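Inspection log for the structure reproduced underneath, given as structure tokens.
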Amino acid sequence: MKLFTFKQFEIQQSKDVFRVGTDGVLLGALADVENASSVLEVGTGTGLISLMLAQRNVQAEFLGLDINDDAAKLTQLNFENSPFHARLKNSHQDFKTFETEDRFDLIVSNPPYFEESGSEKDKIARQTIELNFRQLISKAAELLSEKGMFSVIIPVEAGEVFISIGKENKLHLNRKVSIRGIENSKAKRLILEFSSQVKEVNESDFIIEKSPRQYSDQYLELTKEFHVFK
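Going by our numbering, 76 is the number at position 69 of the sequence shown; the sequence numbering is gapless.
The following block contains the structure:
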């Protein structure tokens with residue numbers, strides 16, 4: 008698979024692991040990592056999101072988990088080859104059974120979001136087979152520090168259910184970013200951020216493209232420290 012080159016690090020890819028995509032880039036660029044000293048990523052894939060967050064926060068320590076052995080190995084390779092390697096660890100583990108006494112200031116995930124189908128392509132990464140939303144949210148609630156944030160990117164259709172399950176687990180929506188693929192289109196993704204603190208919800212819109220295959224000024228500004236634009 009083609010090497011994906013960012014300004015400060017590179018991502019080795021594999022046909023057996025979900026590739027670098029816009030969802031991961033957006034979460035890596037938008038998740039609230041500023042005040043975190045400990046970060047947990049659930050479902051690392053290539054390690055992209057943790058690497059972007061490590062570039063943004065030069066002090067935080069990171070732990071990545073992935074149930075897919077191929078993904079865990081690929082993450083390890085990308086972590087080791089990065090300039091942030093001393094602050095990055097990863098483990099081949101099932102989040103549902105993950106046990107630790109540590110608590111995290113930020114838990115971040117680009118979770119599985121398609122119900123099970125007959126397709127084998129990206130089966131674990133793209134479908135809710137190994138980890139459904141309820142399991143993800145309840146476990147995240149257990150592992151957050153007192154002022155910790157839980158940040159995800161999900162399809163807009165799943166937003167209400169995800170927020171409702173969050174409330175059941177005493178996680179309150181603090182931030183909502185509605186992401187449109189192209190200007191004047193309907194939102195297709197949501198970045199949602201939760202904490203145990205009840206706050207006024209910070210809502211905003213984000214547009215990826217101003218016209219087909221033409222990135223918006225908003226996207227270019229957000230990713231200017233990461234993407235190598237030709």
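All C-beta atoms, glycine included, are put in the ideal place defined by N, C-alpha and C.
If you're wondering where the values come from, they're calculated on a predicted model, not measured in any experiment.
When DSSP builds the beta bridges, which residues end up paired with residue i?
i, result
"M156", "L113"
"D212", "S185"
"N97", "G71"
"Y222", "E216"
"L10", "DSSP output for L10 lists no bridge partner at all."
"E87", "According to DSSP, E87 bridges with nothing at all."
If you compare alpha carbons, which of the options is closest to residue i?
i, options, result
"P118", "R196, N64, S192 and D23", "R196"
"G173", "E17, K193 and L151", "L151"
"D112", "T12, L84 and D39", "D39"
"L84", "T51, I198 and V65", "T51"
"N2", "A79, E48 and S44", "The structure shown does not extend to residue 2, since the chain spans only 8 to 237, so no value can be given for it."
"E216", "S192, E175, Q66 and K231", "S192"
So residue i and residue j are in contact, right, with Cβ under 8 Å, and what is the actual spacing, rounded?
i, j, result
"S158", "E200", "5 Å"
"F69", "V46", "5 Å"
"M156", "S116", "Between S116 and M156 the Cβ distance is about 12 Å, and since that is not below 8 Å, they are no contact."
"F16", "S89", "4 Å"
"K177", "A148", "6 Å"
"E48", "G71", "5 Å"
With a 10 Å radius around its C-beta and 16 neighbouring C-beta atoms as the bar for buried, classify residue i as buried or exposed.
i, result
"D30", "buried"
"N75", "buried"
"R220", "exposed"
"N42", "exposed"
"Q20", "buried"
"D109", "exposed"
Identify whether residue i lies in helix, strand or coil by the three-state DSSP scheme.
i, result
"D5", "Coverage of the chain is limited to positions 8 through 237, which leaves residue 5 absent and any answer about it impossible."
"T29", "helix"
"F121", "Legend: pLDDT at F121 = 38, less than 50; position of this residue unreliable, no value from coordinates given."
Could you tell me if the beta carbon of residue i falls within a distance shorter than 6 Å of some heavy atom in the ligand GTP?
i, result
"A93", "Absence of the ligand GTP from the depicted structure is noted, as is the absence of any ligand whatsoever, leaving it without description."
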